[in-house]
Amino acid sequence: MNTNTMSYKLKQFMMFAGVTTFIFAAVVIVPFIYGFYLTFTSWDGVSSQKPFVGLANYLSAFGDGAYWQALGRTVIYSAIAVILVNIVAFILAFLVTSGVKGQNFFRAGFFIPNLIGGIVLGYIWKFVFNRAFVALGNALSVGALSTSWLATTNGAMLCLIIVSVWQYAGYMMLIYVAGFMSVSADVLEAARIDGCTNTQSIIKISIPLMVSSFVQCLFLTITRCFMVYDVNLSLTNGEPFNSSVMAAMHVYNQAFTYKNYGTGQAEALILFIVCAVVGVLQVSIGKKAEVSA
Amino acid sequence: MDDLNARAARNRKIKHAVFMVLLIVLFICFIFPFLLVLINVFKVKGDINSNPLALVGSHGFTLKNFPEAMQKMNFWRSFGNSMLITVSSTIVTILLASMTAYVIVRNKWKACGALFGLMIASMVIPFQVLMIPLVSLYGGVLGMLNHRVTLIFMHVGFSLSMATFMFHGAIHTNVPIALEEAATIDGCTKWQTYWQIVFPLLKPTIATVAIIDAMAFWNDYLLPSLVLGRKELYTIPIATQVFYGTYSTDIGLVMAALLLAMLPILILYLFLQRYIVEGVTSGAVK
Numbered sequence: 000m001n002t003n004t005m006s007y008k009l010k011q012f013m014m015f016a017g018v019t020t021f022i023f024a025a026v027v028i029v030p031f032i033y034g035f036y037l038t039f040t041s042w043d044g045v046s047s048q049k050p051f052v053g054l055a056n057y058l059s060a061f062g063d064g065a066y067w068q069a070l071g072r073t074v075i076y077s078a079i080a081v082i083l084v085n086i087v088a089f090i091l092a093f094l095v096t097s098g099v100k101g102q103n104f105f106r107a108g109f110f111i112p113n114l115i116g117g118i119v120l121g122y123i124w125k126f127v128f129n130r131a132f133v134a135l136g137n138a139l140s141v142g143a144l145s146t147s148w149l150a151t152t153n154g155a156m157l158c159l160i161i162v163s164v165w166q167y168a169g170y171m172m173l174i175y176v177a178g179f180m181s182v183s184a185d186v187l188e189a190a191r192i193d194g195c196t197n198t199q200s201i202i203k204i205s206i207p208l209m210v211s212s213f214v215q216c217l218f219l220t221i222t223r224c225f226m227v228y229d230v231n232l233s234l235t236n237g238e239p240f241n242s243s244v245m246a247a248m249h250v251y252n253q254a255f256t257y258k259n260y261g262t263g264q265a266e267a268l269i270l271f272i273v274c275a276v277v278g279v280l281q282v283s284i285g286k287k288a289e290v291s292a
Numbered sequence: 174m175d176d177l178n179a180r181a182a183r184n185r186k187i188k189h190a191v192f193m194v195l196l197i198v199l200f201i202c203f204i205f206p207f208l209l210v211l212i213n214v215f216k217v218k219g220d221i222n223s224n225p226l227a228l229v230g231s232h233g234f235t236l237k238n239f240p241e242a243m244q245k246m247n248f249w250r251s252f253g254n255s256m257l258i259t260v261s262s263t264i265v266t267i268l269l270a271s272m273t274a275y276v277i278v279r280n281k282w283k284a285c286g287a288l289f290g291l292m293i294a295s296m297v298i299p300f301q302v303l304m305i306p307l308v309s310l311y312g313g314v315l316g317m318l319n320h321r322v323t324l325i326f327m328h329v330g331f332s333l334s335m336a337t338f339m340f341h342g343a344i345h346t347n348v349p350i351a352l353e354e355a356a357t358i359d360g361c362t363k364w365q366t367y368w369q370i371v372f373p374l375l376k377p378t379i380a381t382v383a384i385i386d387a388m389a390f391w392n393d394y395l396l397p398s399l400v401l402g403r404k405e406l407y408t409i410p411i412a413t414q415v416f417y418g419t420y421s422t423d424i425g426l427v428m429a430a431l432l433l434a435m436l437p438i439l440i441l442y443l444f445l446q447r448y449i450v451e452g453v454t455s456g457a458v459k
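As you go down the protein sequences, you meet chains A and B in turn.
Just so you know, the numbering used here puts 40 at position 41 of the first sequence, and the rest follows in order with no gaps.
Numbering-wise, the numbering used here comes out as the position in the second sequence, counting from 1, plus 173.
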């Protein structure tokens with residue numbers, strides 16, 4: 000059989016990848032392009048008309064103070080959460096690869112929050128912050144605990160950060176564990192013979208050899224934190240006084256609550272560009288720092 | 174020398190003891206929110222309000238939160254919807270992605286390169302950028318929202334890129350081309366070769382993709398909440414959210430609903446823990 004004809008190639012391609020191409024185009028490519036088109040219209044979500052408005056949506060996005068506040072808040076939240084997640088995850092990974100008994104049990108335990116959706120996690124922590132901590136504060140007469148943290152502006156942000164760290168640390172821990180395992184025992188043995196202490200060998204050998212794990216974890220945490228929605232919705236729902244509305248929630252409300260689809264889509268694109276720039280910058284800086292043994 | 178060894182051994186013991194204490198403290202920090210739900214779910218509302226930290230409430234142990242919460246959140250219906258959507262989306266994703274990866278790895282055609290390139294590039298697009306045009310297209314233009322099939326279609330569409338990428342790596346490194354050539358000589362068509370030779374060799378990757386995608390589909394909230402607006406189509410995360418919105422003052426019921434929402438996946442984790450941890454790690458490290 001001649002396998003070099005156009006019709007053979009087309010038949011093979013359609014047989015194996017035809018359905019994939021169709022679904023992928025219908026769910027990702029077409030909506031992505033259509034999204035660009037939407038930003039130039041003032042669709043309200045109901046009417047069949049999509050009046051063309053030029054750059055008006057981008058202008059209103061740039062003039063939308065609440066959006067830029069939400070974006071700024073998201074950047075601050077992400078910066079703190081990303082750093083804390085990675086510190087906690089690294090410490091956890093170090094502890095569960097140190098050779099103590101029950102390592103696998105602990106690994107499995109720290110991973111549990113990742114099994115459960117953000118909506119449920121947010122509600123659980125809402126109960127913890129609103130009821131359990133308050134009850135504990137009253138019982139021990141600790142003033143800082145006796146009113147709910149979720150009721151204050153800074154407190155709500157702090158709660159979001161705590162829950163994010165708790166949620167993602169176990170997952171990132173697994174990546175750091177894989178990193179620790181990939182550092183060859185020979186190199187560590189050689190360092191020990193040369194007189195390296197444990198701390199020195201972590202700082203001078205393990206961490207430099209694990210740069211790719213850091214790059215990967217940072218990328219995953221940055222993209223997830225920038226796009227946070229589920230936990231935001233169930234834990235704070237933007238309260239108190241809209242002070243904890245993150246960028247993704249603002250985009251959602253702009254489109255589906257206030258029916259400004261065009262402006263919402265323009266704001267979503269800006270959020271995506273900010274997130275992509277930070278992510279790519281981080282990866283390219285990180286790649287330069289990579290070394291091999 | 175013996176003395177030195179003994180001292181090293183003692184130091185290691187002390188170090189391990191310190192690590193163990195640290196791990197236990199951290200473990201309790203990670204687990205206590207779940208434990209709080211677990212102790213409060215067996216209390217009546219008044220007992221939870223008066224002291225959420227007590228192991229047992231003054232009115233004693235009760236199971237009555239469960240049937241009421243199950244009925245009010247329409248638990249079995251939502252569970253069935255979640256199961257149906259998760260299982261079918263996962264199976265379709267695996268079949269389509271592995272087939273696509275196969276044709277891409279084994280042929281240097283332009284169409285393959287273009288498709289694969291687009292898929293890789295699309296992995297950076299966050300869902301939030303696509304949700305508004307999706308609702309506008311499938312809701313406004315096509316009128317296809319409020320069907321479970323539409324949600325399955327979208328779940329598959331969003332996960333195909335990552336899954337194809339993982340199968341691509343697996344076929345590239347783990348499937349020897351000599352095996353396929355032998356099958357061709359024996360008279361197998363490409364289609365037969367794929368299903369009889371290649372697909373069975375992909376089992377480890379199939380398991381990884383199944384775990385990652387099934388967990389993502391089961392827990393997803395935003396996409397299902399946009400697609401499924403009718404009560405009888407709700408998945409568990411949406412049912413939990415709506416339930417909380419309606420009954421947030423009835424804290425005993427909320428505890429039961431949260432526990433019910435977590436239980437299926439926790440039970441699964443109990444049995445498949447090793448595979449889940451391994452699957453997620455190998456999926457992330459790729």
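For every residue, glycine included, the Cβ atom is placed at its ideal position computed from N, Cα and C.
Just so it is clear, the structure is predicted and the values come from calculations on it, not from any experiment.
Taking beta-carbon pairs under 8 Å, can you tell me which members of the segment 378-393 of chain B lie near chain A? M388, W391, N392 and D393
Excluding five sequence neighbours on each side, which residues of the same chain lie with their C-beta closer than 6 Å to the C-beta of T266/B?
V329, S332, A336 and D386
- Residues of the segment 339-371 of chain B with a CB closer than 7 Å to any CB of chain A: list them in chain order, please. K363 and W364
For the alpha helix (DSSP H) that contains L149/A, what are its first and last residues? In the DSSP assignment, L149/A falls outside any alpha helix (DSSP H), carrying neither H nor E.
Alpha carbon to alpha carbon, how far is W42/A from Q446/B? Rounded to whole angstroms, the gap between the alpha carbons of W42/A and Q446/B is 47 Å.
- request: Pull up the DSSP beta-bridge partners for T40/A, would you.
  value: F51/A
Please tell me whether A284/B has its Cβ less than 8 Å away from any Cβ of chain A. yes
- Task: Compare the C-beta of L157/A with all C-beta atoms of chain B and state if any pair is closer than 8 Å.
- Result: no
Residues of its chain near I379/B, where Cβ-Cβ distance is below 6 Å and the 5 sequence neighbours each way are ignored = I267.
Open item on the list: Do P299/B and Q264/A have their beta-carbon atoms positioned less than 8 Å apart in this structure?
Closed with: no
*Name the chain B residues whose beta carbon is nearer than 9 Å to that of N67/A?*
One detail in the question is off: residue 67/A reads as Trp in this sequence, not Asn. Within chain B, no residue comes near W67/A; the closest Cβ sits about 17 Å away, beyond 9 Å.
Inset, instruction - Anything in chain A within Cβ reach of I305/B, meaning under 7 Å, just list it in chain order. - result: G34, L37, A254, Y260, G263, Q264 and A267
Is DSSP giving L375/B helix, strand or coil here? coil
Could you name the residues of the same chain whose beta carbon sits closer than 8 Å to that of C361/B, not counting the 5 residues immediately before and after it, in chain order? Closer than 8 Å at the Cβ level, and outside the excluded window around C361/B, lie Q369 and I370.
- prompt: Taking the alpha-carbon positions, what's the S140/A to M193/B distance?
  reply: 31 Å
query = Around the C-beta of V290/A, are 16 or more other C-beta atoms found within 10 angstroms, so that it is buried, or is it exposed?
reply = exposed
When the Cα atoms are used, what is the spatial distance from I90/A to F179/A? 11 Å
Quiz item: Along chain B, in chain order, which residues have C-beta atoms closer than 9 Å to that of F31/A?
Solution: S295, I298, V302, L303 and P306
(request) Measure the alpha-carbon distance for F203/B versus G108/A and round it to whole angstroms. (result) Looking at the two C-alpha atoms, the distance is approximately 8 Å.
N- and C-terminal bounds of the alpha helix (DSSP H) containing P240/B: N238 to K245
**Contact with chain B by M245/A, beta-carbon distance below 8 Å** = no
| said: Any beta carbon of chain A sitting closer than 8 Å to that of M246/B? | reply: no
Would T413/B and A434/B be called neighbours here (beta carbons separated by less than 8 Å)?
yes
Worksheet entry | Stretch-stretch touch, CB-based, cutoff 8 Å, three pairs: the segment 100-115 of chain A with the segment 210-219 of chain B | no
Under 7 Å by beta carbon: chain B residues contacting V127/A
P206 and L209
Q) Does the beta carbon of S309/B come closer than 8 Å to any beta carbon on chain A? A) At a cut-off of 8 Å between C-beta atoms, S309/B counts as an interface residue with respect to chain A.
| request: Within its chain, find whatever has a CB closer than 7 Å to the CB of G237/A; leave out the 5 residues flanking it on each side and keep chain order. | output: S243, V244 and M248
* Euclidean distance between Cα positions of F61/A and L70/A -> When the Cα atoms are used, F61/A and L70/A turn out to be separated by approximately 12 Å.
Given a limit of 9 Å on CB to CB distance, which residues of the segment 178-189 of chain B reach chain A? Within the segment 178-189 of chain B, the qualifying residues are R185, K188 and H189.
Decide if the segment 223-241 of chain A is in contact with the segment 200-212 of chain A; the criterion is three or more beta carbon pairs, one per stretch, under 8 Å apart. no
Give me the Cβ distance between N56/A and F35/A, rounded to the nearest whole Å; I'm assuming they're in contact under 8 Å. Contact flag wrong, Cβ pair sits at about 11 Å.
- Query: Are the CB atoms of V282/A and E266/A nearer to each other than 8 Å?
  - Reply: no
Could you compute how far the alpha carbon of F313/B sits from the alpha carbon of Q48/A? Note on identity: in this sequence residue 313/B is Gly, with Phe being the wrong assignment. When rounded, the distance between both Cα atoms is 10 Å.
Looking only at its chain, what residues have a beta carbon closer than 7 Å to the beta carbon of S463/B, apart from the 5 residues adjacent to it on each side?
Since the first residue shown for chain B is 174 and the last is 459, residue 463/B is missing from the structure and cannot be characterised.
Between I325/B and Y228/A, what straight-line distance do the alpha-carbon atoms span, to the nearest angstrom?
I325/B and Y228/A: Cα-Cα distance of roughly 21 Å.
Let me confirm a value: G402/B is counted as buried when at least 16 other C-beta atoms fall within 10 Å, else exposed. Which label applies? exposed
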